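Input: a single structure, listed below in structure tokens.
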Amino acid sequence: MNIPKSPTRRWLSACVAASVIASPASGLDTIIIDQGYDDPTRIAVVPFETLDSTDAGIAEIVSFDLARSGQFDPLPRENMLSFPARAEDVFFRDWRILGIEYVVIGRLRKQPNGDLSVAYHLLDVFNERELTTRRIVGARASELRDVAHSISDDVYEHITGIRGAFSTKLLYVLAKNAGTSYATYELKLADSDGARPRTLFESTEPLLSSSWAPDGKRVAYVSFESGRPAIIIQDIATGSRSRVAEYKGLNSAPVFSPDGNRLALVLSRDGNAEIYVKDLVSGELRRITRYPSAIDTEPTWTRDGTGLIFTSDRGGRPQIYRMDLTNSMVERLTFEGDYNARPRLLPDGENLVYVHRRGSTYHIAWQNLVRDDGVRVLTATPLDESPSIAPNGRMLIYATQVGGRGILAVVSIDGRVKYRLPSAEGDVREPAWSPYMDTFSPGT
Amino acid sequence: MRHFLAESGTLWGNRVMGFVVAVLAGCVLAGCASCAGQPEPVEVIEDAPPPEVEPPAPVEVKPRVDDEGVPYDEDTGRPLSRVVHFDFDLAVLRPADIRVLEQHAAFLSTARDRSIAVEGHCDERGTRDYNLALGERRANAVVEFLTTSGVRQSQIADVVSYGEEQPVDVGSNEEAWAKNRRAVIVYQ
Numbered sequence: 010m011n012i013p014k015s016p017t018r019r020w021l022s023a024c025v026a027a028s029v030i031a032s033p034a035s036g037l038d039t040i041i042i043d044q045g046y047d048d049p050t051r052i053a054v055v056p057f058e059t060l061d062s063t064d065a066g067i068a069e070i071v072s073f074d075l076a077r078s079g080q081f082d083p084l085p086r087e088n089m090l091s092f093p094a095r096a097e098d099v100f101f102r103d104w105r106i107l108g109i110e111y112v113v114i115g116r117l118r119k120q121p122n123g124d125l126s127v128a129y130h131l132l133d134v135f136n137e138r139e140l141t142t143r144r145i146v147g148a149r150a151s152e153l154r155d156v157a158h159s160i161s162d163d164v165y166e167h168i169t170g171i172r173g174a175f176s177t178k179l180l181y182v183l184a185k186n187a188g189t190s191y192a193t194y195e196l197k198l199a200d201s202d203g204a205r206p207r208t209l210f211e212s213t214e215p216l217l218s219s220s221w222a223p224d225g226k227r228v229a230y231v232s233f234e235s236g237r238p239a240i241i242i243q244d245i246a247t248g249s250r251s252r253v254a255e256y257k258g259l260n261s262a263p264v265f266s267p268d269g270n271r272l273a274l275v276l277s278r279d280g281n282a283e284i285y286v287k288d289l290v291s292g293e294l295r296r297i298t299r300y301p302s303a304i305d306t307e308p309t310w311t312r313d314g315t316g317l318i319f320t321s322d323r324g325g326r327p328q329i330y331r332m333d334l335t336n337s338m339v340e341r342l343t344f345e346g347d348y349n350a351r352p353r354l355l356p357d358g359e360n361l362v363y364v365h366r367r368g369s370t371y372h373i374a375w376q377n378l379v380r381d382d383g384v385r386v387l388t389a390t391p392l393d394e395s396p397s398i399a400p401n402g403r404m405l406i407y408a409t410q411v412g413g414r415g416i417l418a419v420v421s422i423d424g425r426v427k428y429r430l431p432s433a434e435g436d437v438r439e440p441a442w443s444p445y446m447d448t449f450s451p452g453t
Numbered sequence: 018m019r020h021f022l023a024e025s026g027t028l029w030g031n032r033v034m035g036f037v038v039a040v041l042a043g044c045v046l047a048g049c050a051s052c053a054g055q056p057e058p059v060e061v062i063e064d065a066p067p068p069e070v071e072p073p074a075p076v077e078v079k080p081r082v083d084d085e086g087v088p089y090d091e092d093t094g095r096p097l098s099r100v101v102h103f104d105f106d107l108a109v110l111r112p113a114d115i116r117v118l119e120q121h122a123a124f125l126s127t128a129r130d131r132s133i134a135v136e137g138h139c140d141e142r143g144t145r146d147y148n149l150a151l152g153e154r155r156a157n158a159v160v161e162f163l164t165t166s167g168v169r170q171s172q173i174a175d176v177v178s179y180g181e182e183q184p185v186d187v188g189s190n191e192e193a194w195a196k197n198r199r200a201v202i203v204y205q
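Shown next as structure tokens:
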């Protein structure tokens, strides 16, 4: 695979890093890093050695993954004094002079059948020792980016202690000419850096509310393709689609249970927007909320699958509530402001992220449900919505508008790292961050 | 998405065309005594079809309808507006829209063979799934008004909310938002 070189690579060492990387056309365009940590870890990802003298871009992809985490400041290739490919060729003194704390080196080989094999080492410069080494064999040539993201995950985890989420995917909706009679809506699947976008489904009618099954193999979304809303579950590998809900009235906000066997959804077939749970094995439909005068919507599951957290205006304004499915007890969770909606729970199960209106603007905010120590606003643009959390709980992706166009943006849960994924065309919205899906991970 | 064709186009274009229609129709039907002083609000005008056909004089008792089957407004002599608007985050009918809805109800109460679908829409602010439900609430407000005004439930062929997905104005400003918070009556 030919990786286009970015025309201007500028990895600034300051706290504000700006960088661009090219990605294929007709999808997300270039990531723009707006903000990172004040004192990022200095790392050098040396171009991988190959027999045909092109490094195929692995080092570049890994460097950019680490840079957009906001926790790393990768050394530009042109500042490197040497390009070692084997551990014995690394002179730690050379890297210490450059202030580099960690070095990644590696070799890429093409097998006679076209498959790739990659071996790499992560070295700790100050302690002059190897932190990890790994060999990946049998990767297809088309999987080069997957191999690179897997290396990023491994490096990230060995240095930070947190599992990397670079091998994840993003689901989103690309809307073109919305508000005209020639509008199109595409459900897109891309790498976590926006590369390799492909279209899972296209319609001239709106698509929204995309979400992932926990196995990462199926997605659910709302499609107006028939002129009315229906909930679709689509298998990513085969493309096969099934309509799981097409009742009279609303069919919206599908979310898979943590075990993947149930789907929480919103229907108005009994009169107004209420939350239901559909058993995907038996097909049984169970009504969860009963509040005829209120909108109950945007459910999300608690980590153990025994509860739902959702938006309701039963108190007059949209606020977030939690229902225990075992006894139907409901508890209100948000009290600050008059518009809190579309909740999502972090993997730790105790931090909640949602859309919060402050004045006349809508931001992504979070609060800790255990400490109950207030609401923290994470974003600064006025029309932020649809937060979706990375499986390691470090970052969340959301939809916003810049210059009148819908784009996706990412912010770390501590609010200190921010980057944008602008689109080359149209309006991008409704992001959903996938579960872990590193096919080259040593654990899988 | 029929209504896109009628509702898109520039505001200025609609205003000019609407005014021309209002003047022409008013002059023909009422004499020109009072028409010039009362230009119609933009919302009422959005759904006016091209003014190429003058309505023929009614000879039978049946209410007149335009090419799309939309009844005429007794007050203006033009097809009734099919769009009503809402305040931010509310699904309460405005007094200004009641007269138009009453005329739709009166027409449907005599034309029992006619049915409608009602679409609900929101502006872009707030979350998409909440807006889907809010749009349905707006459409239902229209349906409730019509059915309590004599329209049979069987004449309500469909109620569909598009939430914020189908704006008539994609701008991010108060004017665009006000236009987008609407319910639309679609004659079947």
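Protein chains in written order, with the numbering used here: chain A, 10 to 453; chain B, 18 to 205. Virtual Cβ for every residue (Gly too), placed ideally from N, Cα, C. Every value quoted in this text rests on a predicted model; they were computed, and no experiment measured them.
A Cβ-Cβ separation of about 6 angstroms places residue 109/A in contact with residue 84/A under the 8 angstroms criterion.
Between residue 102/B and the set 114/B, 204/B, 96/B, the nearest pair of CA atoms involves 114/B. With 16 or more other CB atoms across the displayed protein chains lying within 10 angstroms of its CB, residue 157/B is buried. Between residue 164/B and residue 173/B, the C-beta spacing is below 9 angstroms.
At a cut-off of 4 residues, the continuous stretches assigned as alpha helix (DSSP H) that sit fully inside the segment 104-164 of chain B are 112-127. Secondary structure of residue 55/A (DSSP, three-state): coil.
Between residue 438/A and residue 397/A, the gap from beta carbon to beta carbon reaches 9 angstroms or more.
Per DSSP, the continuous beta strand (DSSP E) segment holding residue 394/A begins and ends at 394-398.
Looking at the DSSP output, residue 195/A bridges to 183/A, 211/A. Residue 178/B and residue 178/A have their C-alpha atoms some 30 angstroms from each other. The C-alpha of residue 298/A lies about 5 angstroms from the C-alpha of residue 284/A. Among the residues of chain B, those whose CB is under 8 angstroms from the CB of residue 364/A are 143, 144, following chain order. Inter-residue distance for residue 220/A and residue 61/A is about 42 angstroms (C-alpha atoms, whole angstroms). Residue pairing by DSSP puts residue 416/A in a beta bridge opposite 409/A. Contact annotation for residue 403/A against chain B: no contact, minimum CB-CB distance about 23 angstroms [criterion: below 9 angstroms]. In the three-state scheme derived from DSSP, where H, G and I count as helix and E and B as strand, residue 101/A is classed as helix.
Around the C-beta of residue 208/A, fewer than 16 other C-beta atoms lie within 10 Å, and the residue is accordingly described as exposed.
Counting along the chain, residue 276/A sits inside the beta strand (DSSP E) bounded by residues 271-276. Membership of residue 306/A in the beta strand (DSSP E) is indicated by the continuous run 305-310. Rounded to the nearest whole angstrom, the CA to CA distance from residue 231/A to residue 211/A is 12 angstroms. If you compare the alpha carbons of 92/B, 186/B, 130/B with that of residue 171/B, the shortest gap goes to 130/B. The beta carbons of residue 213/A and residue 192/A sit closer together than 9 angstroms.
Between the alpha carbons of residue 89/B and residue 121/B lies a gap of roughly 9 angstroms.
Comparing C-alpha distances from residue 140/A to each of 153/A, 114/A, 146/A, 386/A shows the shortest one belongs to 114/A. Nearest neighbour of residue 281/A by Cα position, chosen from 246/A, 268/A, 290/A, 322/A, turns out to be 322/A.
Excluding five sequence positions before and after residue 375/A, the CB atoms of its chain that fall closer than 7 angstroms to its own CB belong to 360, 361, 362, 385, 387, 422, given in chain order.
When the beta-carbon positions are compared, residue 46/A and residue 425/A come within less than 9 angstroms of each other.
Distance from the Cα of residue 99/B is smallest, within the candidate group 161/B, 85/B, 107/B, for 85/B. As the crow flies, the alpha-carbon of residue 414/A is around 14 angstroms from that of residue 184/B. Residue 241/A: member of the beta strand (DSSP E) spanning 239-244, first to last residue.
The straight-line gap separating the alpha-carbon atoms of residue 186/B and residue 436/A is approximately 15 angstroms.
Using a Cβ distance threshold of 9 angstroms, residue 70/A and residue 150/A do not count as a contacting pair. Closest by C-alpha distance to residue 335/A, out of 206/A, 317/A, 96/A, is 317/A.
For residue 87/B, the CB contacts under 7 angstroms within the same chain, skipping 5 residues up- and downstream, are 96, 97, 99, 204 in chain order. The beta carbon of residue 118/A is closer than 6 angstroms to those of 126 in its chain, skipping five residues each way along the sequence. Between the alpha carbons of residue 301/A and residue 324/A lies a gap of roughly 13 angstroms.
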